[in-house]
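Asks: With our numbering as the guide, the letters of the sequence shown map in order to residues 1053 to 1169.
After the C-alpha cells below, expect a handful of questions from me.
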Amino acid sequence: VVRALSEIARPRIGFVMRNHVGLDFASFDAEPGPMQSGQVLLVELHIDLPHLYPAHFSFSPYVSDAATESDTMCDWIDNALTLEVARGDRPVYGYIHVPCRVEVNARLHPHESRVHR
C-alpha cells in the first residue's frame, strides 16, 4: 500500500531483488501516473521466477519521484521480505536457468554444409 503524503508528479513504485550477498539482482517497477496528496494505491508484484540457484533473496519495495533528474527517493524498505530458493529438480549453472526451447530446424548432409568460397 502506497500513500502519498504530498503530491508526487511522476511516482515510480517498484521492488529491488537482491541475492544472498546483497547485490542487486533484478528490479521491477511501474509508473501509475501522478498521485495527489493523501491518495492511496494498492500495489502487487507478480513474478514468474526463472529457476534460480539455491540461495536467499530479498525484496526491497520503494517509491520514488521520476520527475526529478536524480529520481528522488520518497520511501524505501530495505530487505522487507526474504525468501529462500531451494535446490530444484534440475541443475542451475551460473545464476539462473532461463526457460527456453532449443530446436533443430534442419539436418544437412555433409556435402550440403560446406562453405563455398
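In this text, a Cβ means the ideal position worked out from N, Cα and C, and glycines have one as well.
On a predicted model such as this, the values are computed, not experimentally measured, just so you know.
#1: Spatial neighbours of P1151 within its chain, please: CB distance less than 7 Å, with the 5 preceding and 5 following residues excluded, ordered by chain position.
#2: Return helix, strand or coil for H1163, following the three-state DSSP convention.
#3: For M1125, I'd like the list of residues in its chain whose CB is within less than 6 Å of its CB, leaving aside the five on either flank, ordered along the chain.
#4: My guess is that N1071 and F1111 are in contact by the Cβ rule of under 8 Å, so how many angstroms apart are they, rounded?
#5: What residue ranges within the region 1087-1121 form continuous beta strand (DSSP E) runs of no fewer than 3 residues, ordered along the chain?
#6: So the candidates are L1133, A1132 and H1149; which of them puts its Cα closest to the Cα of G1140?
#7: Determine the burial state of R1153: buried for a count of at least 16 other Cβ atoms within 10 Å of its Cβ, exposed for fewer.
#8: Less than 7 Å between the C-beta atoms of L1093 and V1137, yes or no?
#9: Could you tell me if I1060 is buried or exposed, where buried requires 16 or more neighbouring beta carbons within 10 angstroms of its beta carbon?
#10: Quick check on DSSP: helix, strand or coil for I1129?
#11: Taking just the CA atoms, how far does E1155 sit from Y1162?
Replies: A quick look at the data gives this:
#1: Looking up residue 1151 in the sequence shown gives position 99. These residues qualify, in order along the chain: P1102.
#2: In the sequence shown, the residue the question calls residue 1163 occupies position 111. The answer is helix: DSSP assigns H1163 an H, G or I state.
#3: In the sequence shown, counting from the first residue as 1, residue 1125 sits at position 73. Within the same chain, S1116 come within 6 Å of M1125 by CB-CB distance, once the 5 residues on both sides are set aside.
#4: Here residue 1071 refers to the residue found at position 19 of the sequence shown. Here residue 1111 refers to the residue found at position 59 of the sequence shown. Rounded, the Cβ-Cβ distance is 12 Å, inconsistent with contact.
#5: The qualifying runs are 1107-1117.
#6: What you label residue 1140 is simply residue 88 of the sequence shown in a count that begins at 1. With distances taken between Cα atoms, G1140 lies closest to H1149.
#7: As a working mapping, residue 1153 is identified with position 101 in the sequence shown. When all chains shown are included, R1153 counts as exposed.
#8: By one-based count along the sequence shown, residue 1093 stands at place 41. By one-based count along the sequence shown, residue 1137 stands at place 85. No, they are not a contact pair.
#9: Locating residue 1060 in the sequence shown gives position 8, where the first residue counts as 1. Burial call: buried.
#10: Stepping through the sequence shown from its first residue, residue 1129 is reached at position 77. Looking at I1129 - three-state DSSP - the assignment turns out to be coil, as it is neither helix nor strand.
#11: Taking the first residue of the sequence shown as position 1, residue 1162 is located at position 110. Taking the first residue of the sequence shown as position 1, residue 1155 is located at position 103. Position check: residue 1162 holds Pro in this sequence, whereas Tyr was assumed. Distance between the alpha carbons of P1162 and E1155: 20 Å.
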